[in-house]
Each structure stands twice: as structure tokens, then as C-alpha cells.
Amino acid sequence: MNSQQYRLASQLVDLLHQHIGFYPGHRSVHAQGRYYVGVFTATPEARRISRASHFQGQPVPVTIRHSNSPLANPVGPADSVSMAVRFYLPDGTATDLIALPITLFFTRTPEETLELLKIALPDPSTGKPDMEKVGQFLAERPSVMRAVGLRKQLPAAVSFARTAYHALHAFRFVNEAGDAVYARYHWEPDAGVATQTLEELHKEKPSYLFEELEERLSQAPVGFKLVLELAGDGDPTDDPSAPWPEGRPRVTVGRLEITRPTTLEEIGDPVMMHDPTRVTDGIELSDDPILAARRGIYEVSVAHRTGGWKGRSASLQRGGCPFG
């Protein structure tokens with residue numbers, strides 16, 4: 002990433018703080034989270050698609066962060082859940098996969114995201130955004146309007162273990178023969194998908210979804226299938242707000258088994274920055290500008306929540322300070 006991209010990332014993080022607040026020591030979004038331990042095992046089909054080491058069939062240890070709120074101190078459980086998985090690879094490196102319940106992102110580019118966040122800021126005199134400007138912005142961008150509409154229709158979670166998660170972006174998968182295919186990731190829960198209204202969820206205490214998951218884990222592991230949705234000719238790989246046609250081939254490439262809770266102290270990384278651009282040999286980034294921007298956004302957020310770049314974890318420092 003270059004300095005211009007980091008300036009844009011800083012602007013985006015600042016605008017997020019204006020929308021949902023800044024909570025020192027917490028992530029800019031998905032501030033409420035807990036960590037879990039698990040294992041990922043690839044299917045035989047996985048190695049035919051990618052030479053990535055965690056796609057070869059051997060069990061790979063993972064950590065999982067579930068979150069349920071953009072606020073550090075929520076008044077109730079939120080409908081904004083997520084699942085971030087870190088795969089610890091045999092060579093000592095790691096790769097991350099971040100997924101949400103939404104199937105499409107809101108915008109096509111970081112610049113478009115910045116414009117939407119600016120327009121949606123509340124007017125100081127009314128405390129509300131100018132809906133005429135927001136409406137005009139959406140009307141001029143049908144893909145953004147579609148994605149925003151889908152988000153508004155999204156029901157709330159019943160359980161982390163009964164939520165389907167989607168990684169939004171296309172990635173390029175390359176196998177040992179050099180054959181390549183673009184695909185989008187999806188996590189499908191073994192327990193099946195179940196939802197409820199946000200009003201029903203808000204009757205529960207803020208920690209409800211975590212406690213529900215941990216009660217499940219006290220009885221048995223929680224499982225998810227990792228499914229790749231394969232792109233067809235002409236499917237956009239650079240626009241996370243654009244749906245692909247129904248009926249694209251889907252291949253199950255592995256199974257995640259979550260076994261127990263853990264802590265940052267046990268993991269040994271006090272910052273634990275998940276980065277969807279941290280890929281490994283056999284998996285490459287697409288030409289999606291939103292995906293490319295996420296590394297800078299997360300690094301700026303880390304700088305905010307740790308008191309500056311010197312407060313970053315050792316694992317992040319090894320990547321080099323972009324301002325140095």
C-alpha cells in the first residue's frame with residue numbers, strides 16, 4: 002500500500018468513528034468479540050482447486066473471533082455479527098478469513114464508501130442525515146442501493162453457530178498444475194441457518210450470543226463447512242457489491258470445528274489484527290479495490306486502539322511500519 006491509500010484508510014476510519022463512536026482500546030467496528038480454538042480440515046476437492054497448504058487435507062489449527070456489536074458497551078446484542086478465522090500454517094505463517102452474514106458489500110470502491118459515509122453523517126442541527134442526499138446517492142448507484150436494501154432485510158442471529166457467513170470478495174485460487182479459478186468463500190453451519198427479529202434478540206442481554214455458543218461448546222464442537230462459489234465467465238471479481246448469477250458451482254473445500262473458548266493471553270497476540278489480504282501461496286487477491294483497502298483500514302484501526310504504531314503487536318511489526 003502507498004501513502005495515498007493509507008490517507009484514504011485513515012479518513013474512512015475517522016468517519017466510522019463519527020458514525021458509531023470511538024472506544025479507546027477497541028476495534029473501530031465489531032468491538033465486542035470473544036476468541037475460540039478450533040481445527041480446519043480440507044476435503045479432497047480442495048487440493049484440486051488450490052495448492053495452499055491448508056487445502057491439502059491435514060488438520061490445521063485455527064483461532065476464531067466471533068463478534069456481535071460495533072460498540073464497546075452495547076445496550077443489547079446487535080445484529081452485526083461476524084466470524085474471523087486465522088489458519089496457522091505448517092511453515093509458521095498464518096492466513097486470515099473474515100466473513101459476515103451479508104452476501105454483498107455496500108459499495109464498489111473505497112472512494113465510494115468514503116462518499117457514502119460523508120453523506121450519511123447526521124446534520125448537527127437535526128441530528129439526522131439528509132435523506133434526500135442519501136436517496137440521490139443510492140439512486141445514482143443501483144448496485145449500492147441493492148446491497149443496502151439487502152442489509153436492511155437481514156434478520157438477526159439466533160446463534161453464532163446457526164449463522165451463515167460470507168467473505169464478500171473474490172479470490173484467485175491456483176493449484177499445483179497452475180490452473181486458476183476465481184471464487185467467493187462461504188461458511189455454512191452444520192446446525193443449519195436460523196434467524197430471529199432484532200426485537201427478539203434485543204430482549205436478551207449483551208453477552209447472550211457468546212454465552213449461547215459457549216453452552217453449545219460445553220456439549221460438543223460447533224462445525225461449519227467452507228464452500229467456494231466458483232465464478233463463471235464474465236462474473237465481476239472487482240466489485241463486492243455485485244452478485245453473481247444464481248446456480249454458480251459450489252464446492253465444499255473443508256470443515257471448521259470450533260472446540261473451546263480461548264483468550265488473547267493464551268494466543269499470545271494482544272492485538273490480533275485479522276487481515277483478509279494476508280493470503281498464502283495458492284490463494285491470491287483479486288482486483289477488488291475494497292479488498293485491497295482493508296489492510297490499511299485495519300492497520301489504522303490498530304494504531305488507534307493501541308495508542309499508535311509503536312503499540313502494535315510483534316506479529317504486525319514484522320510486516321513493517323508503512324510510515325517508516
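In my numbering, the protein residues as written are 2 to 325. All residues carry an ideal CB built from backbone N, CA and C; glycine is no exception.
Look at serine 54 here: in three-state DSSP terms it is helix.
Here isoleucine 103 really is in contact with histidine 167; their C-beta atoms are around 7 Å apart, less than 8 Å. Around the beta-carbon of leucine 292, 16 or more other beta-carbon atoms lie within 10 Å, marking it buried. The beta-carbon distance between aspartate 288 and aspartate 239, rounded to whole angstroms, is 4 Å. This is short enough to meet the 8 Å contact definition. Close CB contacts of valine 135 within its chain, under the 7 Å cut and outside five residues either way in sequence, are with Ile120, Ala121 (chain order). Here phenylalanine 138 is actually not in contact with leucine 214; their C-beta atoms are around 37 Å apart, not less than 8 Å.
Between the region 182-193 and the region 123-130 there are fewer than three C-beta pairs closer than 8 Å, too few to call the two in contact. Burial state of threonine 264 is exposed, judged by a 10 Å Cβ sphere holding fewer than 16 other Cβ atoms. As the crow flies, the alpha-carbon of leucine 286 is around 8 Å from that of alanine 171.
Using a 10 angstroms sphere on the CB of alanine 221, the tally of other CB atoms stays under 16, which defines it as exposed.
Cβ contact annotation for aspartate 131 (same chain, cutoff 8 Å, sequence separation greater than five): Ile120, Asp124, in chain order. Going by beta carbons, glycine 39 and leucine 231 fall outside the 7 Å limit. Along the region 78-153, the beta strand (DSSP E) occurs as fully enclosed runs of 3 or more residues at 83-89, 95-100, listed in sequence order. The beta-carbon separation of aspartate 282 and alanine 95, rounded to 13 Å, does not stay under the 8 Å limit for a contact. Collapsing the DSSP output to three states places threonine 307 in a helix. Within the same chain, Val40, Tyr89 come within 7 Å of proline 62 by CB-CB distance, once the 5 residues on both sides are set aside. Shown here, tyrosine 24 sits in coil according to DSSP, grouped into three states, outside any helix or strand. Spanning the alpha carbons of phenylalanine 56 and alanine 181 requires a straight line of approximately 14 Å. In this chain, the alpha helix (DSSP H) harbouring glutamate 213 covers 209-220.
Close CB contacts of alanine 195 within its chain, under the 6 Å cut and outside five residues either way in sequence, are with Val159, Arg163 (chain order). The beta strand (DSSP E) runs of length 3 or more contained entirely in the region 214-284 are, from start to end of the chain, 223-231, 251-263. Burial check for arginine 8: the Cβ neighbour count within 10 Å stays below 16, so the residue is exposed. Fewer than three Cβ pairs drawn from the region 261-279 and the region 246-253 lie within less than 8 Å of each other, which leaves the two stretches out of contact. Burial is judged here by how many other beta carbons sit within 10 angstroms of a residue's own beta carbon; glutamine 33 has at least 16 and is buried. Going by beta carbons, valine 301 and valine 14 fall inside the 7 Å limit. Linking leucine 115 to glycine 297 through their CA atoms gives a straight-line distance of about 14 Å. Distance between arginine 87 and leucine 117, taken at the CA atoms: about 30 Å. Non-local beta-carbon contacts of arginine 48 in its own chain, meaning distances under 6 Å to residues more than five positions away in sequence, involve Phe56, Gln57 in chain order. At least 7 Å separates the beta-carbon of proline 111 from that of alanine 304. When secondary structure is reduced to three states using DSSP, leucine 292 falls in the helix class.
In the DSSP assignment, leucine 202 falls within the alpha helix (DSSP H) that extends over 199-202.
With contacts defined by Cβ atoms closer than 7 Å, valine 223 and threonine 253 do not form a contacting pair. The criterion of a C-beta distance shorter than 7 Å is satisfied by isoleucine 284 and serine 51.
The C-beta of proline 60 has fewer than 16 other C-beta atoms within 10 Å across all chains shown, which makes the residue exposed.
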